[in-house]
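Q: Okay, handing you the structure first.
Residue numbers (this note's numbering): 5 to 1004.
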């Protein structure tokens, strides 16, 4: 990111067209909580109090849910668009085609829009039909989403955020994936003064400092042969997103000083935006740098400056406009915030948006940031005491190229790399200059520690794409950034003209030119955008997401495309991660170089400080043509077994499918994103590896990575998985014999056997759950409760049916859970589900609402920001007056709230919940208790809990859930075959087994 730019983050959506009103019910007692919408910075320590009701919230975006079939089809299309053997190779979609294939249904749009209309909003829908945008103020959004807004101090700024996860009506919830714009993000950069230089005709500068002009950049990164081949970016379009206009005189003065002919950018204002004009601040600096970097690298390209004021949507609105209107084939973005501040929903929204851009053939470059490993910090900033490792949330998308920063290592012998005199365009670089990681932890002006380093690391939310598989870095299977880097440090800043600061940026009568230099990854991203325009011109096509090809090129270092940044190239002696330097992207503390946030060290191949490093552009162009001619081979992966115990072996086998000739090269096996052994040369049958399974019960994902050869491109297999079965996890098994009933109203019996597994011992209770149609006069176990040990226990079940029913039997549905190791928390249906494609979803990751509504709703309630400093703890328990119960019969639930010893007695009210959803209105406490009556209309098991909402002295609290068993009310049983569920329960563990009941 540009070191002198301020980047606000208010999420917005480009207006498209509005739907007519279609009101729906918004019952306050029938809401679904949207999890993960409260960012990490929402804490009492930073709370500045409630946000003013009239605070504007522009263009909040509601991301609409996509069906699993659409998601799968989208991923397949992304792969096919990059496979030259596919009919869909480089067959890019229009926004309308995207909408028809991957947008929300008309029903979903009408329901969501109708709900918004009914609540006084005027929604608009994107052309992609992927999101709906609305604007309002804090009070309106608090009412709409049943939440509250507070203002928080963060990195020297005041930002607003919801403090309670938003809720939406149950009718609307299935159509909403996430809500964006309810939290304001801190700027990643703060305003700073550009570095002034006085340039004489006979030297690089009057002080002897070095800076980078377009001609220097072309020499250092080998662009001149590309220019000599006739490529200038002609016919290509680049969109620069920003929050300010530029001064056209600055652009022309820059062109004059660098001996270039440049056109002024075309300014585009998205609908709904406010023209910021020339802001004369960091936003104008950013826009000027981005425009001049992109246009100077590709002087023949058409540059659009797509802008909106910070108050009307800023760079976010500009991004959405570019993608939703196909405004350019290349986009450069030098803004963003860290994932920790943005949160999962915002990161997910922009990943979805940028994926749309890739499917439409747009190549997007995002600057990684200048906060080092902590992208929450701004450049030139005083290190905070709360640093964390977090990447730019826009970089997290696999469908962008995240551009990081390097630092030229020329200090020891400058004359080896720089001429003493400038050329016609103020250039003085002699050739390529070795690089380290961009990291300048000391402010040269004051001597104080600062954060100013290239950002990089691992996403918290977005999984790693297939082309990052095989990188020997422990990422937990999540996206790694940056992808590539270019020089970004202030040590060799970029030449820029900024007349508004009072200097004309032209030579005076003594031949001295007053100019400025600016640094940061903000310079690297638009530079790469210009390179992409040249590449598109060479290929005479839009290229979309070029990362798969870049990573394939990086797998073959012999092509010389990448300048690998290593400890050796940085020339740092005694490199450690604890001290910020050119060998890492670590950050200092506020008082010394040590004690900040440890980052990542540069290394051979890919690293999390500089990615693959910088590039030799001429070799990139040569190799691009060659790799595009490579054939495609398919990697097939098989496992000898998929259910194993620790200590057993799994044989991993990879085979190749291809035309002639037979592929050569190697196979690298990966388990959970980590390399297993070294690369294995292919033989006539492929490659295999015997893997000794270690560890506890878990799911393990396996892939095979093919290196490629002179005929075939590198490739990755599909993902297979094996499950390590638990050893020593106590539990119990339940079996039951079928029941025969002679006639309606008669009785039948079943023998139920409960046996201990893995040493389980405890009290087990039996119960019945009936399906529709099977009406019971009685369901009696003998014994119904007992202590289970090593010896199995048999219980006699006597079942009596009643008068005939006109309703047919319902479908049987069984579920099973048992006591398990905490590592098996993600396997609620047992190991069998792993064979159906069940995957771990880490608890701290953002997850789709449809996957975790119930459990995350409870977590969200626990995390609601209702606690004030000094409040005392409370506990709440729930009891049922009738369990099991039946449909159509009211059941009373009582919640009992206890305060802390010596504290004030709890007052206020209690909200009851069923399966994580609110039922009824809050009930006032009377003598520490609240009672609620619920009538169930559907049989099954309901998790009943209650939330105490707190008062002025007592904190809110949430009870544990109790399982309420509901059978259908006796309406009679007709002859036929039914399913009865026998459930054995011990504490929080249970197992349910279906029993066939035949009524003759």
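Just so you know, even glycine gets a beta-carbon here, dropped at the ideal spot from N, CA and C.
(1) So what does residue 567 bridge to, in DSSP terms?
(2) Per DSSP, which one or two residues make a beta bridge with residue 60?
(3) Is residue 444 buried or exposed, if buried means 16 or more other CB atoms sit within 10 Å of its CB?
(4) Under a Cβ-count criterion, where at least 16 other Cβ atoms within 10 Å of its own Cβ denotes burial, should residue 177 be classed as buried or exposed?
(5) Tell me whether residue 905 is buried or exposed, calling it buried when 16 or more other Cβ atoms sit within 10 Å of its Cβ.
(6) What does residue 335 pair with, by DSSP beta-bridge criteria?
(7) Find out if the Cβ-Cβ distance for the pair residue 379, residue 406 is shorter than 7 angstroms.
(8) Enumerate, from N- to C-terminal direction, the unbroken alpha helix (DSSP H) stretches of 4 or more residues contained entirely within the segment 123-170.
(9) Quick one: Cα of residue 648 to Cα of residue 387, how far?
(10) Alpha carbon to alpha carbon, how far is residue 226 from residue 724?
(11) Distance, Cα to Cα, residue 791 vs residue 798?
(12) Do three or more CB pairs link the segment 578-596 to the segment 640-660 at distances below 8 angstroms?
(13) How about residue 1001 and residue 756: do their beta carbons lie closer than 7 angstroms?
(14) For the segment 342-404, list the alpha helix (DSSP H) runs that are entirely contained and at least 4 residues long, ordered along the chain.
(15) Look up residue 984 in the DSSP assignment and say whether it is helix, strand or coil.
(16) So, is residue 999 buried or exposed, given that buried needs 16 or more other C-beta atoms within 10 angstroms?
(17) Roughly how many whole angstroms lie between the Cα atoms of residue 720 and residue 674?
(18) CA-CA distance, residue 812 and residue 78?
(19) Which of the three DSSP states is assigned to residue 760 in this structure?
(20) Closest to residue 300 by C-alpha separation, out of 572, 429, 643, would be which residue?
(21) Comparing C-alpha positions only, which one of 60, 963, 913 sits nearest to residue 925?
(22) Can you tell me whether residue 516 is buried or exposed? The criterion is at least 16 other CB atoms within 10 Å of its CB, across all chains shown.
(23) Looking only at its chain, what residues have a beta carbon closer than 7 angstroms to the beta carbon of residue 537, apart from the 5 residues adjacent to it on each side?
(24) Give the secondary structure of residue 121 by DSSP, where H, G and I count as helix, E and B as strand, and everything else as coil.
(25) Residue 946: which of 982, 891, 75 sits nearest, CA to CA?
(26) Are residue 182 and residue 349 closer than 7 angstroms when you measure CB to CB?
(27) How many Å lie between residue 438 and residue 484 at the Cα?
(28) Alpha carbon to alpha carbon, how far is residue 579 from residue 427?
(29) Determine the direct distance from the alpha carbon of residue 358 to that of residue 402, and round the result to whole angstroms.
(30) Less than 7 angstroms separating the beta-carbons of residue 658 and residue 671?
(31) Do residue 3 and residue 311 have their C-beta atoms within less than 7 angstroms of each other?
(32) For residue 381, collect the residues of the same chain with a Cβ closer than 6 angstroms to its Cβ; drop the 5 residues on either side in sequence, then sort them by chain order.
(33) Taking the Cβ atom as the reference point for each residue, do residue 441 and residue 589 lie within a distance shorter than 7 angstroms?
(34) How far does the alpha helix (DSSP H) with residue 322 in it extend, from its first residue to its last?
(35) Can you tell me which of 554, 330, 74 puts its alpha carbon nearest to the alpha carbon of residue 631?
(36) In whole angstroms, give me the CA-to-CA distance for residue 708 and residue 116.
A: Quick look at the numbers:
(1) 618
(2) DSSP output for residue 60 lists 141 as bridge partner(s).
(3) buried
(4) In the assembly as shown, residue 177 is a buried residue. Its beta-carbon has 16 or more other beta-carbons within 10 Å.
(5) exposed
(6) 243, 368
(7) The answer is no: Cβ separation not under 7 angstroms.
(8) Complete alpha helix (DSSP H) runs here, min 4: 142-149.
(9) 49 angstroms
(10) Looking at the two C-alpha atoms, the distance is approximately 42 angstroms.
(11) The straight-line gap separating the alpha-carbon atoms of residue 791 and residue 798 is approximately 12 angstroms.
(12) no
(13) The Cβ atoms of residue 1001 and residue 756 lie no closer than 7 angstroms to each other.
(14) 343-363
(15) DSSP places residue 984 within a strand segment (E or B) once states are collapsed to three.
(16) buried
(17) Rounded to the nearest angstrom, the two C-alpha atoms are 10 angstroms apart.
(18) Since pLDDT at residue 812 reaches only 28, below the 50 mark, its modelled position is unreliable, and the value read off the structure follows with that caveat. Their backbone Cα atoms lie some 41 angstroms apart in a straight line.
(19) strand
(20) 429
(21) The residue with the shortest Cα to Cα distance from residue 925 is 913.
(22) exposed
(23) Apart from the 5 residues on each side of it in sequence, residue 537 sits with its Cβ closer than 7 angstroms to the Cβ of 237, 240, 242, 302, 305, 334 in its chain, given in chain order.
(24) helix
(25) 891
(26) yes
(27) Between the alpha carbons of residue 438 and residue 484 lies a gap of roughly 24 angstroms.
(28) 37 angstroms
(29) 9 angstroms
(30) Between residue 658 and residue 671, the C-beta gap is smaller than 7 angstroms, which places the two residues in contact.
(31) Only positions 5 to 1004 of the chain appear in this structure, which leaves residue 3 out of reach.
(32) Cβ within range, chain order: 375, 455.
(33) yes
(34) 318-328
(35) 554
(36) 43 angstroms
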